[in-house]
Structure formats: structure tokens, C-alpha cells
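Before any comments, here is the structure.
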Amino acid sequence: NAQGNASAGKTKAASCAGCHGEDGNSTMPAFPKLAGQHQTYLVKQLQAFKSGARLAPMMAPLAAGLDDQTIQELASYYAGNKISTNPAPKLPPSDDDDAPAKTPEQEKAALDALITQGSDLYRNGNISREVSACVACHGPYAEGNKPASFPSLHSQHADYLIKSLTDFKTGARSNNRENMMHMIATKMTDEDIKAVAYYISTM
Ligand code: HEM
Ligand code: HEM
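Numbered per this note's numbering, the sequence shown spans residues 1033 to 1235.
Have a look at this one:
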């Protein structure tokens, strides 16, 4: 049963805690939070790491050792936990080394502008570049779509979101169904990716 699965999963998740946090709320921004993610999506990703369909050097050797039952238990455990919200974001350092240092007011204005840009892309997409609106599949609160196994995104680390969108764009991550995310990400600029990732991390 589901409860039995989750409690068996909790015990087995001890070996994941170092990277993903004890309850699936990793504190390190390169490691995705798993807490509150849809169970079917987690199962699909673990199977993809195991088969090699999703390439991830850190996950592959671990997933190789997981049988189907264990994968279900781990996914059930994390899906039943609550994702933690992130602290207020900080503006990423400028790529331009010669750019003059910003005052705190300028920093805040730039961060607000970035998040507004991300929110606009998330809700409306970008017609001129043919970027689909994320809201259509990932939902108004970025809660995802449970029956369709579209992942929940809200409160995920911005750094991980940037990495996954960049990996979809380059094709480094290519197990996505019908290449939906690959098609979308190839139309996104690096600035779009940064803006939408920052916005989603605050949801
Ligand atoms: C990604 C589960 C252990 C590092 C993931 C994802 C899942 C997962 C489901 C995909 C998340 C998503 O798509 O949103 C697990 C489980 C573990 C475990 C069940 C224990 C059996 C670890 C450990 C490390 C690690 C010990 C660090 C050494 C990572 C990294 C990613 C990831 C870096 C992102 C991969 C990428 O960028 O594509 N893990 N994990 N995981 N995990 Fe783990
Ligand atoms: C996965 C972002 C639009 C369907 C993801 C992931 C991110 C993301 C970051 C990976 C989540 C993780 O690793 O935990 C976005 C953004 C969008 C967008 C920013 C808008 C610009 C869409 C749309 C659809 C969609 C319109 C449906 C047509 C999916 C699916 C996956 C996914 C099916 C799972 C792929 C897999 O199994 O690996 N999305 N998404 N997304 N997204 Fe989107």
C-alpha cells in the first residue's frame, strides 16, 4: 500500500540525503529538490537514469542498483513530503566584468525586472519567438499536472532549473516525451532561461 511504500522509501532514502536532503529538500542549488514532486514523474526519471536515457553521471551508478519496487518506494516517499520555499533570490553576478557596481537600489530594480520578465514568459510565452506558455503544462502555480506527469516546478532551485533548461536546449537531456521541452528550450535565449528560472524559484 501507499503508506507502506512511503515508509520503506524513507529508510532507503538515507543514501540520497547527502545530495537531496533528508526529506528531499536539498539545500545545495545544483541538486534538485524532490519533495512534493509527482510520484510518476520521479519514477520515470529514476528509470531513465537507470536505462541511461537521461544522462547524469552522479545519478547513473546509484539508479543502476535500484529495483522497480525500491524506485516506487523512494518516489512515494518524496512525493508525500512538502517542498520548502526558497530564501529571497539574489541577482546573479553580471557576465560583464567591466560593468559598474550596482547600488542596492539598482540591484533590487534589476532583480525585480528579471522576475517580471520571467513571469511574463511563464504565463504568456513569447509569440515572436514561438515559445509556448509554460503555464499551459506546468500550471498556474507551477504545480505541474499530476495525471499527465508534468513535473511540479515551483520553489525548485533556480540553478537547477537553469541547468535543466540548458540541457533540454542543447539536447544533453533528451528523454522528454515527444521532445516537448527540447522544442521549447531551443527557442529560448539564455536570458529567457535565467528570467523564467528565477521567477519559478520564487513561486
Ligand atoms: C537528480 C533521485 C541520490 C545527485 C535526481 C532526480 C531524481 C533523483 C528523481 C531527478 C529530479 C528531477 O528531474 O527533478 C535520487 C534518489 C537517490 C539519489 C532516489 C538515492 C537513491 C543522489 C546522490 C547524488 C545525486 C547521492 C549526489 C552524489 C543528483 C543530481 C541530479 C539528480 C546532480 C540532477 C541531474 C541532472 O542535472 O540531470 N535524483 N537521487 N542524487 N540527483 Fe539524485
Ligand atoms: C519538464 C520548464 C513549458 C512539458 C520541465 C523541466 C523544466 C521545465 C525546468 C524539468 C523539471 C525537472 O527537472 O524537475 C518549462 C518552462 C516552460 C515549459 C520554463 C516554458 C517556457 C512546457 C510546456 C509543456 C511542458 C508548454 C507541454 C507541452 C514538460 C514535460 C516535462 C517538463 C512533459 C518532463 C520531461 C521529462 O520527462 O524529462 N519543464 N517547461 N513544459 N516539461 Fe516543461
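Just so you know, even glycine gets a beta-carbon here, dropped at the ideal spot from N, CA and C.
query                                                                                      : result
Inside the segment 1150-1183 only - alpha helix (DSSP H) runs reaching at least 4 residues : 1167-1170
Contact check, residue 1195 vs residue 1217, beta carbons under 8 Å                        : no
Proximity test, residue 1081 beta-carbon vs ligand 2 heavy atom, cut-off 7 Å               : no
Any non-hydrogen atom of ligand 1 within 7 Å of residue 1052 CB                            : yes
Residue 1236 burial status per 10 Å Cβ neighbour count (16 or more: buried)                : Residue 1236 is absent from the model: the chain starts at 1033 and stops at 1235.
Candidates 1090, 1117, 1095, of which the one nearest residue 975 by Cα                    : Any answer about residue 975 is impossible in this case: the structure gives the chain only from 1033 up to 1235.
Residue range of the unbroken alpha helix (DSSP H) whose run includes residue 1196         : 1190-1202
Nearest to residue 1212 (by Cα), restricted to the options 1151, 1123, 1059, 1170          : 1170
Which of helix, strand or coil DSSP assigns to residue 1013                                : Since the first residue of the chain shown is 1033 and the last is 1235, residue 1013 is not available in this structure.
Among 1207, 1078, 1176, 1199, nearest to residue 1107 - alpha-carbon criterion             : 1078
Proximity below 8 Å, CB of residue 1173 to CB of residue 1235                              : yes
Integer Cβ distance of residue 1233 from residue 1190, believed to fall under 8 Å          : 4 Å
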